[in-house]
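To start, the structure under review is shown below, and the notes come after it.
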Amino acid sequence: MFFPHLTAVEALKPYCVRTHWHTGEVLEVDLETRLRRYSALAPILDPTVFARVHLGEWGNSIEWLDNEFGADNVYAWAKEQRGEVSQNEIRQDAHLVTLLRKVATDDH
């Protein structure tokens, strides 16, 4: 299984970050929708706070204050926003196929 880890992160404009990965990839990701989804993340919507994004331990996350997004999710979101298929989408599709097969065999 592929586990991406970050080597650097920088805030661009609110609420986008540029991420650098151990694969050599440099990906930008817009986090606004995710930040607005949960009230606990509201403090990060302050542009001054957002600009303080930094790497979590071992490059396994990006962090602000006491909040973080896991590197695997950030990587998947960046890929999806570029129109690429992410590992998360592949796993979700595989899970859906498994469920559909189960339903099909249970019906017969």
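With full-length UniProt numbering, the residue at position 44 of the sequence shown is 44, and numbering never jumps. Don't be surprised by glycine CBs; every beta carbon is placed ideally from N, CA and C.
For ALA8, the secondary structure class from DSSP, reduced to helix, strand or coil, is strand. Per DSSP, LEU27 lies in no alpha helix (DSSP H) segment; the continuous beta strand (DSSP E) that holds it begins and ends at 26–30. Between PHE50 and TRP58, the alpha-carbon positions lie close to 21 angstroms from each other. If you check the CB distance, THR19 and LEU31 do not come in under 8 angstroms.
Inter-residue distance for TRP77 and VAL29 is about 7 angstroms (C-alpha atoms, whole angstroms). Beta-bridge partners assigned by DSSP to PHE3: none are found.
For THR19, the pairing in a beta bridge is given by DSSP as VAL9, LEU27.
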